[in-house]
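**Q** After the structure tokens below, expect a handful of questions from me.
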Amino acid sequence: MNKIFTEDLSKTFITDGIKNSVLRDINFSISQGETCSIIGASGCGKSTFLHLLAKLDDYSSGRIFFNEINYSDLNSDSSASLRLDNFGFVYQFHHLLEDFNAFDNCKIVQDLNNNKNNPNIDELLISVGLKDKFKSYPYQLSGGEKQRLAIARALSNNPNFLIMDEPTGNLDNKTSQLIQDLILNISRNNEIGIILATHDLNFANMMDTVYEIYDGGLRKVNE
1 MNKIFTEDLS
11 KTFITDGIKN
21 SVLRDINFSI
31 SQGETCSIIG
41 ASGCGKSTFL
51 HLLAKLDDYS
61 SGRIFFNEIN
71 YSDLNSDSSA
81 SLRLDNFGFV
91 YQFHHLLEDF
101 NAFDNCKIVQ
111 DLNNNKNNPN
121 IDELLISVGL
131 KDKFKSYPYQ
141 LSGGEKQRLA
151 IARALSNNPN
161 FLIMDEPTGN
171 LDNKTSQLIQ
181 DLILNISRNN
191 EIGIILATHD
201 LNFANMMDTV
211 YEIYDGGLRK
221 VNE
């Protein structure tokens, strides 16, 4: 079973010569199929933490591992391969390619990673509730449909983990609930781990474990 874990992870930003320690000595682990949420005040470091776990940013000290792979041993090419092979990403704003229809927004991900185990895109779009939208462009979709497509795209490379940064933060309450249920069903049915950053405490509490970033540290709220 795939696993991500950190040891004494810290991240410091330097602005105008002033050090700002956003994350300090964080120890964290999650295995494929498990779900967790990260809560905390705006600016506390939730997004930074997700970026570090996905090797989208460099950390200041400590260590991060994907199974036995030490992130400090990865160059830019091997980091990109790690992401393509193992992670899917969903954000508050969908970041869909406006010049590509729903099918091609997913296909471009598969074209990048050449994974023989990639899911069938037609079946994937049907599974997220977009069976009549294969040829629709993002501007033709509602907010909820765009986020469904963003989730389908995140699943297109058959990831082991979904990293989600406020995936329902831009949706109304009803649509948000539908997307939350969809995310949980996807995780359960496909043994995909979820690492979720959110301000929505109800959504956060749907995860197996809830963590809070407070004063640079990570503490477990419930399990």
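In terms of the working numbering, the sequence shown has 98 at position 98, counting the first letter as 1, and numbering is strictly consecutive.
Don't be surprised by glycine CBs; every beta carbon is placed ideally from N, CA and C.
Keep in mind it's a predicted model, so treat the numbers as computed, not measured.
(1) Could you give the DSSP three-state label for E212: helix, strand or coil?
(2) Roughly how many angstroms lie between the CA atoms of D122 and S42, to the nearest whole one?
(3) Helix, strand or coil: which one does DSSP assign to Y91?
(4) Using CA coordinates, which residue listed in I186, Y211 and M164 is at the minimum distance from F93?
(5) When you compare only the Cα positions, how much space is there between I126 and D99?
(6) Could you check which residue in G144, N185 and D16 has the C-alpha nearest to that of D172?
(7) Please list the segments of the alpha helix (DSSP H) lying wholly inside the stretch 43 to 91, counting only runs of 4 or more residues, in order along the chain.
(8) Can you list the beta strand (DSSP E) stretches of 3 or more residues lying completely in the stretch 105 to 186, in chain order?
(9) Are there three or more Cβ pairs, one per stretch, closer than 8 Å when the stretch 203 to 216 is compared with the stretch 28 to 41?
(10) Mind checking if I14 is an interface residue toward chain D, Cβ cutoff 8 Å exclusive?
(11) Per the DSSP calculation, I195 is bridged to which residue(s)?
(12) Taking 8 Å as the limit between beta carbons, can you name the residues of its chain near L97, skipping five residues before and five after?
(13) Using the C-alpha atoms, what's the distance from K55 back to N189?
(14) Pull up the CB-CB distance for F161 and N86, whole angstroms please, since I reckon it's below 8 Å.
(15) Restricting to Cα atoms, I'd like to know which of N118, P159 and I186 is closest to V128.
(16) Can you list, in chain order, the residues of its chain whose CB lies under 7 Å from that of P159, leaving out five sequence neighbours each side?
(17) Do you know offhand how far Q110's Cα is from L84's?
(18) From this set, I30, V90, F13 and E7, which residue's C-alpha is nearest S72's C-alpha?
(19) Could you please give the first and the last residue of the uninterrupted beta strand (DSSP E) stretch that includes N20?
(20) What does a CB cutoff of less than 8 Å around R63 pick up in its chain, not counting 5 residues either side in sequence?
(21) In terms of alpha-carbon separation, which member of T168, I30, S78 and N2 lies closest to N67?
(22) Should N263 be labelled buried (16 or more other beta-carbon atoms within 10 Å of its own) or exposed?
(23) When the Cα atoms are used, what is the spatial distance from Y59 to L218?
(24) Check whether the Cβ atoms of N113 and K135 lie closer than 8 Å to each other.
**A** In terms of the structure at hand:
(1) The DSSP-derived three-state label of E212 is strand.
(2) 38 Å
(3) strand
(4) M164
(5) Computed Cα separation, rounded: 21 Å.
(6) G144
(7) 46 to 53 and 76 to 86
(8) 161 to 165
(9) yes
(10) No chain D appears in the structure shown, which is made up of a single protein chain.
(11) C36 and I163
(12) D104, N105, I108 and P138
(13) 26 Å
(14) Sure, about 6 Å apart at Cβ, within 8 Å.
(15) I186
(16) N86, F87, G88 and I192
(17) 9 Å
(18) E7
(19) I18 to S31
(20) Excluding residues within five positions, the ones whose Cβ falls inside 8 Å are T6, E7, D8, L9, N70, Y71 and S72.
(21) N2
(22) This structure cannot settle anything about residue 263, because the visible part of the chain is limited to 1 through 223.
(23) If you draw a straight line from the Cα of Y59 to the Cα of L218, it comes to about 15 Å.
(24) no
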